[in-house]
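Down below is the structure, laid out as C-alpha coordinates.
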Amino acid sequence: MLQHLFLRFHRNQTETRDMWTKRCSTRINAMAGIININAKRALRVIFCNEGPICFMATCMMEYCTVLIPSNIVALTADRGLSVISAVSEKTGVPVPKIGSPPVWGFVGCNEYVDESSIIFKAHILKPYKSACTTSTVMLSPRSFSKNTDQ
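In this note's numbering, the protein residues as written are 565 to 714.
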(Lines of atoms letter the chains of each structure in order from A and count residues from 1; the text may use other names and numbers.)
(Lines give C-alpha, C1' and ligand atoms only; values in the text may rest on other atoms or scores of the structure.)
Protein backbone atom coordinates (compact mmCIF):
# COMPACT_ATOMS: atom_id res chain seq x y z
CA MET A 1 0.00 0.00 0.00
CA LEU A 2 1.24 3.48 -0.89
CA GLN A 3 0.34 6.86 0.63
CA HIS A 4 1.32 10.06 -1.21
CA LEU A 5 1.20 13.20 0.90
CA PHE A 6 0.18 16.24 -1.12
CA LEU A 7 -0.85 18.33 1.88
CA ARG A 8 -0.29 22.06 1.83
CA PHE A 9 2.40 23.06 4.30
CA HIS A 10 3.31 26.51 3.02
CA ARG A 11 4.63 28.98 5.53
CA ASN A 12 2.12 31.71 6.37
CA GLN A 13 3.33 35.30 6.15
CA THR A 14 2.81 35.91 9.86
CA GLU A 15 4.57 32.71 11.01
CA THR A 16 8.08 32.49 12.36
CA ARG A 17 10.14 29.42 11.51
CA ASP A 18 9.46 27.96 14.96
CA MET A 19 5.71 28.45 14.58
CA TRP A 20 5.79 26.92 11.10
CA THR A 21 7.73 23.81 12.12
CA LYS A 22 5.51 23.40 15.21
CA ARG A 23 2.39 23.52 13.00
CA CYS A 24 3.88 20.97 10.60
CA SER A 25 4.98 18.73 13.47
CA THR A 26 1.50 18.86 15.04
CA ARG A 27 -0.21 17.91 11.76
CA ILE A 28 2.23 15.06 11.10
CA ASN A 29 1.78 13.83 14.68
CA ALA A 30 -1.99 13.72 14.15
CA MET A 31 -1.55 11.89 10.84
CA ALA A 32 0.89 9.44 12.45
CA GLY A 33 -1.70 8.66 15.11
CA ILE A 34 -4.23 7.75 12.41
CA ILE A 35 -1.65 5.63 10.58
CA ASN A 36 -0.64 3.86 13.81
CA ILE A 37 -4.26 2.83 14.39
CA ASN A 38 -5.32 1.91 10.85
CA ALA A 39 -2.32 1.07 8.67
CA LYS A 40 -0.30 -2.06 8.14
CA ARG A 41 3.45 -2.11 8.74
CA ALA A 42 4.20 -2.36 5.00
CA LEU A 43 2.57 1.00 4.17
CA ARG A 44 4.88 3.29 2.21
CA VAL A 45 4.62 7.05 2.73
CA ILE A 46 6.00 9.50 0.15
CA PHE A 47 6.33 13.20 0.97
CA CYS A 48 6.23 15.13 -2.31
CA ASN A 49 4.81 18.48 -1.32
CA GLU A 50 6.04 22.01 -0.72
CA GLY A 51 7.29 22.83 2.73
CA PRO A 52 9.85 21.31 5.08
CA ILE A 53 9.44 17.79 3.72
CA CYS A 54 12.62 16.35 5.26
CA PHE A 55 11.56 17.68 8.66
CA MET A 56 8.08 16.19 8.20
CA ALA A 57 9.51 12.82 7.14
CA THR A 58 11.70 12.85 10.25
CA CYS A 59 8.65 13.64 12.40
CA MET A 60 6.73 10.81 10.73
CA MET A 61 9.54 8.37 11.55
CA GLU A 62 9.51 9.58 15.16
CA TYR A 63 5.75 9.53 15.74
CA CYS A 64 4.64 6.68 13.49
CA THR A 65 5.91 3.60 15.30
CA VAL A 66 3.99 1.08 13.22
CA LEU A 67 5.80 1.83 9.93
CA ILE A 68 9.18 0.56 8.82
CA PRO A 69 11.40 3.70 8.81
CA SER A 70 12.80 2.94 5.35
CA ASN A 71 9.23 3.07 3.97
CA ILE A 72 9.06 6.82 4.66
CA VAL A 73 10.55 8.80 1.77
CA ALA A 74 10.97 12.54 1.09
CA LEU A 75 11.42 13.48 -2.57
CA THR A 76 13.91 16.32 -2.93
CA ALA A 77 15.58 15.78 -6.31
CA ASP A 78 13.70 18.74 -7.78
CA ARG A 79 15.85 21.09 -5.66
CA GLY A 80 18.88 20.23 -7.77
CA LEU A 81 17.28 20.90 -11.16
CA SER A 82 18.12 24.61 -11.20
CA VAL A 83 21.71 23.77 -10.34
CA ILE A 84 21.88 21.19 -13.16
CA SER A 85 20.81 23.70 -15.81
CA ALA A 86 23.35 26.25 -14.54
CA VAL A 87 26.14 23.66 -14.59
CA SER A 88 25.07 22.60 -18.09
CA GLU A 89 25.38 26.18 -19.34
CA LYS A 90 28.82 26.65 -17.75
CA THR A 91 30.30 23.32 -18.87
CA GLY A 92 28.55 22.75 -22.19
CA VAL A 93 27.48 19.26 -21.06
CA PRO A 94 23.85 18.54 -22.03
CA VAL A 95 21.37 18.30 -19.14
CA PRO A 96 20.46 14.61 -19.86
CA LYS A 97 24.12 13.70 -19.28
CA ILE A 98 24.20 15.27 -15.80
CA GLY A 99 23.07 13.40 -12.70
CA SER A 100 21.13 15.09 -9.94
CA PRO A 101 23.28 16.48 -7.11
CA PRO A 102 22.66 15.39 -3.53
CA VAL A 103 20.53 17.72 -1.40
CA TRP A 104 21.50 17.89 2.27
CA GLY A 105 19.78 19.37 5.31
CA PHE A 106 16.09 19.92 5.87
CA VAL A 107 14.63 20.89 2.51
CA GLY A 108 12.42 23.93 2.92
CA CYS A 109 14.32 25.15 5.99
CA ASN A 110 18.08 25.04 5.49
CA GLU A 111 18.86 23.02 2.39
CA TYR A 112 22.25 22.72 0.73
CA VAL A 113 22.63 21.51 -2.85
CA ASP A 114 26.06 19.87 -3.17
CA GLU A 115 27.20 21.16 -6.57
CA SER A 116 30.65 19.60 -6.21
CA SER A 117 29.14 16.09 -6.16
CA ILE A 118 27.30 16.31 -9.50
CA ILE A 119 27.83 13.18 -11.57
CA PHE A 120 28.39 13.37 -15.33
CA LYS A 121 27.13 10.38 -17.31
CA ALA A 122 29.64 9.29 -19.94
CA HIS A 123 30.58 6.29 -22.07
CA ILE A 124 33.94 4.83 -21.13
CA LEU A 125 36.08 3.01 -23.66
CA LYS A 126 37.82 -0.02 -22.17
CA PRO A 127 40.09 -1.36 -24.90
CA TYR A 128 41.73 -3.88 -22.57
CA LYS A 129 38.55 -5.19 -20.96
CA SER A 130 39.46 -8.79 -21.87
CA ALA A 131 42.72 -8.38 -19.97
CA CYS A 132 40.76 -7.40 -16.87
CA THR A 133 38.30 -10.28 -17.05
CA THR A 134 40.45 -13.17 -18.26
CA SER A 135 40.88 -16.07 -15.85
CA THR A 136 44.42 -16.93 -17.01
CA VAL A 137 47.47 -15.51 -15.31
CA MET A 138 48.79 -12.47 -17.16
CA LEU A 139 52.52 -11.93 -17.34
CA SER A 140 54.14 -8.55 -16.95
CA PRO A 141 56.24 -7.33 -19.91
CA ARG A 142 59.45 -7.97 -17.94
CA SER A 143 58.56 -11.59 -17.09
CA PHE A 144 57.37 -12.16 -20.66
CA SER A 145 60.74 -11.12 -22.08
CA LYS A 146 62.52 -13.49 -19.67
CA ASN A 147 60.36 -16.39 -20.85
CA THR A 148 61.01 -15.74 -24.56
CA ASP A 149 64.79 -15.66 -24.14
CA GLN A 150 64.94 -19.31 -23.13
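Glycine included, every Cβ here is placed at the ideal spot set by N, Cα and C.
Given residue i as reference, the closest of the options once Cα atoms are compared
i    : options             : result
R572 : G615, M583 and K604 : G615
C628 : I610, C618 and G597 : G597
R581 : F611, F619 and A606 : F619
T640 : I617, K604 and V647 : I617
Where residue i falls, given that 16 or more other Cβ within 10 Å makes a residue buried
i    : result
A621 : buried
V659 : exposed
M624 : buried
A588 : Sequence inspection shows Cys at residue 588; the Ala mentioned does not correspond to that position. It is buried - the Cβ of C588 has at least 16 other Cβ atoms within 10 Å.
V609 : buried
As assigned by DSSP and simplified to three states, the class of residue i
i    : result
L607 : coil
V637 : strand
I662 : strand
C618 : helix
Contact test: residue i Cβ vs the ligand ADP heavy atom, cutoff 7 Å
i    : result
A621 : Although the ligand ADP was asked about, the structure shown includes no ligands whatsoever.
Continuous alpha helix (DSSP H) stretch holding residue i: start and end
i    : result
T590 : R581 to N602
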